[in-house]
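Following the numbering used here, the numbering of the sequence shown begins with 189 at its first residue and continues without gaps. The beta carbon of each residue, even a glycine, is placed where N, CA and C say it ideally should be. From a predicted model like this one, the values you see are computed outputs, not experimental measurements. First the structure, in the form of structure tokens, and then the observations on it.
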Amino acid sequence: MCLTCDIVNGKAAPVGGVIYRDGLVVVHHCVDVSVPGYLIASPLRHVEGFGDLTAGEIERLGAMAKKAVNLLKGVEGVKKVYIANFGEETAHFHLHIFPRYDWMPVCHPEATNACGRLDGPRLLSICREEYRAAREAMNQPEILELVAHLRGRLGE
């Protein structure tokens with residue numbers, strides 16, 4: 189079973205629905221982490237790694253990631269936006285587009301490294317665990333409002 193393929197095929201619905209979809213890619217909110225604006229961008233086609241993407245998929249994913257980052261930077265409290273790919277929980281290639289809010293380092297000082305600098309990957313990992321939620325609990329007003337806001341602008 190592939191969650192991303194289920195979303196692409198309409199068998200599963202992410203919180204607030206799909207934000208953007210065209211003939212190559214889909215963008216939606218993360219289905220189980222309650223951080224508003226935590227987006228997932230994937231090719232429609234099931235591929236497992238970056239090297240398996242076509243030039244068109246790479247171009248479209250890059251363009252959507254750039255638009256999403258710029259839109260998220262305009263959200264109150266977002267200080268930075270991380271983009272990552274791991275492919276450990278699902279084999280369908282996807283990008284994590286993760287907004288770092290100003291409250292995150294304050295609430296999670298354990299994400300600071302030995303040099304006193306914020307460790308972005310550690311913060312992302314901590315937040316993915318700390319704010320993991322059941323799908324039924326993801327329909328929070330902050331998430332739904334941001335999804336609606338992004339849906340109206342990501343395709344522009």
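CB-CB under 6 Å to residue i, same chain, minus the five flanking residues each way: which ones, in chain order?
| i | result |
| --- | --- |
| residue 343 | 208 |
| residue 257 | 269 |
| residue 226 | 218 and 286 |
| residue 260 | 225, 266, 269 and 287 |
What are the boundary residues of the beta strand (DSSP E) that residue i is part of?
| i | result |
| --- | --- |
| residue 339 | Here residue 339 belongs to no beta strand (DSSP E); instead the alpha helix (DSSP H) covers 329 to 342. |
So what does residue i bridge to, in DSSP terms?
| i | result |
| --- | --- |
| residue 268 | 288 |
| residue 231 | 213 |
| residue 300 | 306 |
| residue 221 | 320 |
| residue 208 | 215 |
Whole angstroms is fine: what's the gap from residue i's alpha carbon to residue j's?
| i | j | result |
| --- | --- | --- |
| residue 231 | residue 192 | 9 Å |
| residue 175 | residue 223 | The structure shown does not extend to residue 175, since the chain is modelled only from 189 through 344, so no value can be given for it. |
| residue 278 | residue 190 | 7 Å |
| residue 309 | residue 274 | 11 Å |
| residue 332 | residue 238 | 30 Å |
| residue 283 | residue 220 | 15 Å |
| residue 216 | residue 340 | 13 Å |
Taking the alpha helix (DSSP H) that residue i falls in, what are its first and last residues?
| i | result |
| --- | --- |
| residue 252 | 243 to 261 |
| residue 310 | 308 to 318 |
| residue 196 | 191 to 196 |
Among residues of its own chain, excluding the 5 on either side of residue i, which ones have a beta-carbon nearer than 8 Å to its beta-carbon?
| i | result |
| --- | --- |
| residue 296 | 311, 314, 315 and 318 |
| residue 300 | 293, 306 and 307 |
| residue 291 | 265 |
Return the chain-ordered list of same chain residues with a C-beta closer than 7 Å to the C-beta of residue i, the five sequence neighbours on each side being excluded.
| i | result |
| --- | --- |
| residue 235 | 241 and 281 |
> With contact counted as at least three CB pairs below 8 Å, one residue from each stretch, are the region 203 to 221 and the region 269 to 276 in contact?
Replying inline: Fewer than three beta-carbon pairs drawn from the region 203 to 221 and the region 269 to 276 are found closer than 8 Å, and the two stretches are therefore not classed as touching.
> Taking three-plus beta-carbon pairs below 8 Å as touching, is the region 191 to 198 in contact with the region 245 to 253?
Replying inline: no
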